[in-house]
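Take a look at the structure below.
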Amino acid sequence: AVGFAQTTGAIVVIVAVLYFGSVITFGCHDRIERQRVFVIFLLFLGAAMFWSGFEQAGSSMNIYARDFTDRLFFGWEVPTTWLQSVNPIFIILLAPVMGMLWVKLGARNPSIPVKFGMGLVLLGVGFLVLAWGSLYVPENAASDPAIGVAMTWLVVTYFFHTVGELALSPVGLSSVTKLAPRRLVGQMMGTWFMGAALGNLVAGLVAARIEMLPPEQLFSVVAGIVVGAGLLFLLFSPIINRMTHGVK
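Shown next, in the form of structure tokens:
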């Protein structure tokens, strides 16, 4: 299964590179279109990086909840899967707040690459919280649901992940439709979801390492990678923003 997943991931990356290369070389009419499509390619990479961490909610983070978290609540054992509801609850509560914030900022609204950088950095901060909590996991936690760290660590992690998702996901969906040449909007939206699929695949491969690596080490590595990617978006945001040619 691991070999199949790795091969599939390599094929998706190759297809994406070939597709974007062919569109930029042969499918664009002018320099503006080429640069905007290249920005979409960068957003594709950023989305894949983001979802490779975020979608561990159903894999490594679920294992963390099962094996390393104290899930007893007034004597009742909270099912592991119930913690999957934290992110949707935060989405419902925070989406209107984030939407009003972007509207209120108006002309001071952060650019597309800045929001992507913010999303990736916040994702990494969430994993750093989880890595920090992992340092306090007692021995034999996996054998007793009453032995482990507080569920608060996961809730705080989901909070940061949700804010990061709200900064990146809807912005990416909107940006692709605006940046893509009108005749290629459907295909370009397909590449966005291909990035999400690639991220899910990588998330599964990374989560498979949780039984071979201490959780604090695994989550620290994931945090370092996504924060690094976010900082690159922030660092090069002026250049990327110029390549959008006015698309906000």
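According to the numbering used here, the sequence shown holds residues -8 to 239 in order. Even for Gly, the Cβ is constructed at its ideal location relative to N, Cα and C.
Residue i - DSSP class collapsed to helix/strand/coil
i: E24; result: helix
i: V3; result: helix
i: V69; result: coil
i: S17; result: What sits at residue 17 in the sequence shown is Phe, not Ser. The answer is helix: DSSP assigns F17 an H, G or I state.
i: V128; result: coil
i: F41; result: helix
i: V218; result: helix
i: V238; result: coil
Residue i - containing alpha helix (DSSP H), residue span
i: W144; result: T143 to L170
i: F203; result: Reading off the sequence shown, one finds Met at residue 203, where the question assumed Phe. Element bounds for M203: n/a, residue is neither H nor E.
i: R57; result: S51 to F59
i: S125; result: I103 to S125
i: G190; result: V176 to A198
i: L92; result: V77 to L96
i: N100; result: Neither: N100 is in no alpha helix (DSSP H) and is coded neither H nor E.
i: R233; result: S228 to M234
Whole-number beta carbon distance between residue j and residue i, since they are thought to touch under 8 Å
i: G237; j: F41; result: Between F41 and G237 the Cβ distance is about 25 Å, and since that is not below 8 Å, they are no contact.
i: A(-4); j: L192; result: 6 Å
i: V128; j: F59; result: 5 Å
i: S166; j: I231; result: About 11 Å; that fails the 8 Å criterion.
i: L34; j: G163; result: 5 Å
i: L175; j: G18; result: 7 Å
i: L170; j: T235; result: 6 Å
i: V3; j: A188; result: 7 Å
i: N78; j: A48; result: 6 Å
Any C-beta of chain B under 7 Å from that of residue i
i: V162; result: Judged by its chain identifiers, the structure shown contains no chain B, having just a single protein chain.
Okay, do the stretch 104 to 111 and the stretch 79 to 86 touch, 3+ Cβ pairs below 8 Å being the bar? no
State whether the stretch 114 to 121 contacts the stretch 142 to 153, with contact taken as three or more CB pairs (one from each stretch) at a distance under 8 Å. yes
Count Cβ pairs between the stretch 183 to 203 and the stretch 14 to 27 that sit closer than 8 Å; are there 3 or more? no
Do the stretch 172 to 186 and the stretch 1 to 21 make contact, defined as three or more Cβ pairs closer than 8 Å? yes
With three or more beta-carbon pairs closer than 8 Å as the criterion, would you say the stretch 154 to 171 touches the stretch 67 to 76? no
Would you check if the stretch 52 to 59 and the stretch 213 to 232 touch, i.e. whether three or more CB-CB distances between them fall below 8 Å? no
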